[in-house]
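Q: Take a look at the following structure, please.
Numbering (my numbering), first residue to last: 7 to 223.
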C-alpha cells in the first residue's frame with residue numbers, strides 16, 4: 007500500500023484513471039482525465055442524477071469527438087459502474103441482463119487509436135462495498151485482446167487505482183501489473199484535493215470523486 011502521491015506524483019501522464027475503495031463505511035469512487043492535446047484537454051465533467059458525463063468545455067475547439075466524450079459513471083441495478091469509455095453502457099446492459107462484469111468486458115477490445123491502442127479500463131462497486139476492476143489491452147506481440155480482472159472486499163481506508171498508461175511515451179505504454187493498493191482517508195473534498203495535487207499540473211484535466219454511504223447504498 008502506498009499513498010496517492012507515491013502512486014501518481016512521478017507519473018507525468020497516467021491517461022485516464024479509476025480509483026475504488028472505502029473510507030469509514032463509505033464506498034469511494036474517483037476518476038480522472040489527463041490530456042496532452044488541445045482536444046483531450048477540452049473536457050469537463052458534469053453530473054446528472056446518477057450519471058457523470060464528459061462534455062466539451064468549448065464546443066468550437068472540438069476536433070475529433072471519437073473516444074473523447076462519453077458517460078464514465080452510471081448507477082445500474084444499484085451498482086456503480088465507472089469506465090474510461092463507452093463501455094460503461096456495455097457493462098450496464100450486461101448487468102441488467104443478469105450477466106457478469108467479466109461477461110460484459112469480454113465483448114469489448116482496446117480502443118482503435120493506433121499506435122497507442124489505449125486500454126479499456128472499468129470498475130464496479132456493489133451495494134455491499136465489494137468492488138472489481140478490469141482492463142482490456144492489446145497483446146504485446148499481436149493484435150489480440152488481453153483481459154484481466156480483480157475483485158476486492160472493502161477495507162477501511164484502502165483503495166485500488168488503475169489507469170490507462172504506465173507513463174508518458176510515444177507510443178504510450180499501456181498500464182501493466184496489478185492495480186496499485188493505496189492508503190486513503192478524509193472527506194470527498196480532501197481526497198479530491200490530494201488526487202489533484204498528485205496529478206501532473208500540465209496534463210491534469212478533470213477529476214470526479216464520489217462517496218456513497220454503504221448503509222444506505
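Glycine included, every Cβ here is placed at the ideal spot set by N, Cα and C.
All values reported here derive from a predicted model rather than from experimental measurement.
Going straight from the alpha carbon of residue 86 to that of residue 183, what length do you get?
A: Roughly 24 Å between the two C-alpha positions.
Q: From the DSSP output, in three-state form, read off residue 169 for me.
A: Here residue 169 sits in strand by DSSP.
Q: Give the DSSP bridge partners of residue 32, in chain order.
A: 29, 219, per the DSSP bridge assignment.
Q: Report all residues from its chain with a CB closer than 8 Å to the CB of residue 109; omit the five preceding and five following residues, and keep chain order.
A: Around residue 109: 100.
Q: Do residue 38 and residue 201 come within 8 Å of each other at the CB atom, strictly closer than that value?
A: A contact, by the Cβ cut-off of 8 Å.
Q: Within 10 angstroms of its Cβ, does residue 138 collect 16 or more other Cβ (buried), or is it exposed?
A: Its Cβ being crowded by 16 or more others within 10 Å, residue 138 is buried.
Q: Would a C-beta distance cut-off of 8 Å place residue 26 and residue 165 closer than the cut-off?
A: Yes; because the gap between Cβ atoms is below 8 Å, this pair is in contact.
Q: Going by DSSP, which residues form a beta bridge with residue 189?
A: Answer is 164.
Q: Got a sec, what are the start and stop residues for the beta strand (DSSP E) residue 128 sits in?
A: That run of the beta strand (DSSP E) goes 126–131.
Q: So, helix, strand or coil for residue 115, using DSSP?
A: Residue 115: coil per DSSP, three-state reduction.
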